[in-house]
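**Student:** Pasting in a structure now, in structure tokens, and then I'll have a few things to ask.
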């Protein structure tokens, strides 16, 4: 029992020492033989910013329980606020730029997609010329940063203020692009659903007309009924293209009630045929 207690005490002492030695070795290895402290003001600002976005490079992390508890509370309240801020900035940007493109959705979406591909490429080229990273590694670093992957396998090759600005602009651009493309896809799905609803509405109207036409005529259509069909088809086309129908009007159109006159703008009786019948009866 005494040996086990001593072993636990040794572990409690050696583990923090091992962490300190590991951090010291990493600092010397990555800084050309010079020891550099990890928790500086710049690294702390980068840590808080990448926690809110959240990218989470993992270059500096809290080791004590109180630091980790503070990080949990900070992230719970900070991440939603940051996401709301980025979303509002994206909506403001979309509204302003969409007016510039004269409300052309296709042009606006194409511009966003082009910017989304150009942003990490241009950022990678700039980082390549101001740092020791290769062009491919620079583009790779920019992509995993704005996509909030943040493996932390590459240290920030530029100063912290420029890096934070690059992260916020890139994450905002990605958020706007995903939001606009997803909204467009959902709109197309709803458009197809509305077209199917219009087809069902036309079928219901045809069923109503079939029920309302006189059975004595054998469902025979004269010129007046054919003209009424044509007028109704034009009205349905205009309604599906531009006119909005209220909920009350839809309910009235979908109501099938054979006890009353139909709500359609056509004659149930072929006036020409009835006139011929009257002449025939008067003649005989």
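In the working numbering, the protein residues as written are 1 to 284. Even glycine gets a Cβ: it sits at the ideal position worked out from N, Cα and C. Predicted model, so just to flag it, every value in this text is computed and none were measured.
1. Give me the Cα-Cα distance between residue 171 and residue 182, rounded to the nearest whole angstrom.
2. Pull up the CB-CB distance for residue 160 and residue 53, whole angstroms please, since I reckon it's below 8 Å.
3. Would residue 47 and residue 156 be called neighbours here (beta carbons separated by less than 9 Å)?
4. Please report how far the alpha carbon of residue 105 lies from the alpha carbon of residue 168, in whole angstroms.
5. In three-state DSSP terms, what is residue 124?
6. Consult DSSP for residue 150 and reduce its assignment to one of helix, strand or coil.
7. If residue 135 sits next to residue 122, beta carbons under 8 Å apart, how far is it from one beta carbon to the other, in whole angstroms?
8. Which one of 185, 39, 175 has the shortest CA to CA distance from residue 91?
9. So residue 59 and residue 43 are supposed to be a Cβ contact under 8 Å. How far apart are they, rounded?
10. What's the C-alpha gap between residue 166 and residue 55?
11. So, at 8 Å on beta carbons, what are the nonlocal neighbours of residue 133 in its own chain, with the 5 sequence-adjacent residues on each side left out?
12. State the DSSP-derived secondary structure class of residue 132, mapped to helix, strand or coil.
13. With 9 Å as the threshold, decide whether the Cβ of residue 123 is near any Cβ in chain B.
14. Using the Cα positions of residue 111 and residue 95, report the straight-line distance between them to the nearest angstrom.
15. Would you call the CB atoms of residue 75 and residue 51 closer than 9 Å?
16. Quick one: what's got a C-beta closer than 7 Å to residue 39's C-beta in the same chain, skipping five residues either side?
17. Going by beta carbon distance, what residues of the same chain come within less than 7 Å of residue 115, once the five residues before and after it are set aside?
18. Per DSSP, what kind of secondary structure is residue 1 in: helix, strand or coil?
19. How is residue 242 classed by DSSP in three states: helix, strand or coil?
20. Given this structure, state the Cα-to-Cα distance separating residue 148 from residue 162, to the nearest angstrom.
21. Let me know the secondary structure DSSP gives residue 57 once reduced to three states.
22. Closer than 7 Å by C-beta to residue 255: which residues in its own chain qualify, once you throw out the five before and the five after it? Chain order, please.
23. Would residue 164 and residue 49 qualify as a contact pair, given that the criterion is a beta-carbon distance under 9 Å?
24. Have a look at residue 87 and residue 139 and give me their C-alpha separation to the nearest angstrom.
25. In three-state terms, what does DSSP make of residue 39?
26. If you run the structure through DSSP and keep just helix, strand and coil, what is residue 64?
27. Closest to residue 119 by C-alpha separation, out of 184, 177, 185, would be which residue?
**Tutor:** Checking against the coordinates, here is how it stands:
1. 16 Å
2. No, residue 160 and residue 53 are not in contact; Cβ-Cβ is about 14 Å, not under 8 Å.
3. no
4. 25 Å
5. helix
6. coil
7. Going by Cβ atoms, the distance from residue 135 to residue 122 rounds to 12 Å, so no, they are not a contact pair.
8. 175
9. 7 Å
10. 12 Å
11. 127, 141, 154, 157
12. coil
13. The structure shown contains no chain B, having only a single protein chain.
14. 14 Å
15. yes
16. 60
17. 173
18. Confidence in residue 1 is poor, its pLDDT being 46 and thus under 50, which makes the residue's placement unreliable; the coordinate value appears in the next sentence. Looking at residue 1 - three-state DSSP - the assignment turns out to be coil, as it is neither helix nor strand.
19. Reliability fails at residue 242, whose pLDDT of 48 lies under 50, so the model's placement of it is uncertain and the value that follows must be treated cautiously. In this structure, residue 242 counts as coil in the three-state DSSP scheme.
20. 17 Å
21. coil
22. Any reading at residue 255 must be qualified, since the residue scores a pLDDT of 49, below 50, and its modelled position is unreliable; the value itself is stated next. Same-chain partners within the cutoff: there are none.
23. yes
24. 25 Å
25. coil
26. coil
27. 177
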